[in-house]
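Structure record follows, encoded as structure tokens.
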């Protein structure tokens with residue numbers, strides 16, 4: 012009877028060890044799944060960050076491009092004004108009777124400059 016109680020105790024302990032081993036295995040599996048999930052989340056995060064950086068860079072490039080276009084348009088407008096001004100000057104010089112006094116004043120003020 013003493014032997015059988017020892018055998019029962021051994022069997023119960025063996026059963027307990029098996030249960031604990033199964034729990035450990037389940038936890039290890041759960042940890043592994045978590046690690047995989049975290050790795051996927053990290054990949055998603057990295058991808059998201061790269062996308063955001065790319066979008067920000069693209070937006071910045073577009074802003075620079077728009078600024079460049081704006082500057083070119085301003086330069087063109089200034090050039091057109093300058094050309095128009097020169098053409099007006101030329102037109103005025105063809106008809107000195109219309110603006111005789113201003114042309115004479117310009118000649119006097121400019122004379123030093125042209126002699127250089």
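In my numbering, the protein residues as written are 12 to 127.
Glycine residues also receive a C-beta, built at the ideal position from the N, C-alpha and C atoms.
Predicted, not measured: the structure shown is a model, and the values here were computed from it.
What residues in its chain sit with their C-beta under 6 Å from that of residue 68, if we drop five residues either side in the sequence?
Against the chain shown, residue 68 aligns to sequence position 57. Scanning its chain for C-beta atoms nearer than 6 Å, with the 5 sequence neighbours on each side dropped, one finds no residue around residue 68.
Straight-line CA distance for residue 19 to residue 45?
By one-based count along the chain shown, residue 19 stands at place 8. By one-based count along the chain shown, residue 45 stands at place 34. Cα to Cα, the separation comes out at about 39 Å.
At least one CB of chain C closer than 9 Å to the CB of residue 69: is that the case?
Here chain C cannot be found, since the structure has a single protein chain.
Which class does residue 106 belong to by DSSP, given the choice of helix, strand or coil?
Position 95 of the chain shown, counted from the first residue, corresponds to residue 106. Correct three-state label for residue 106: coil.
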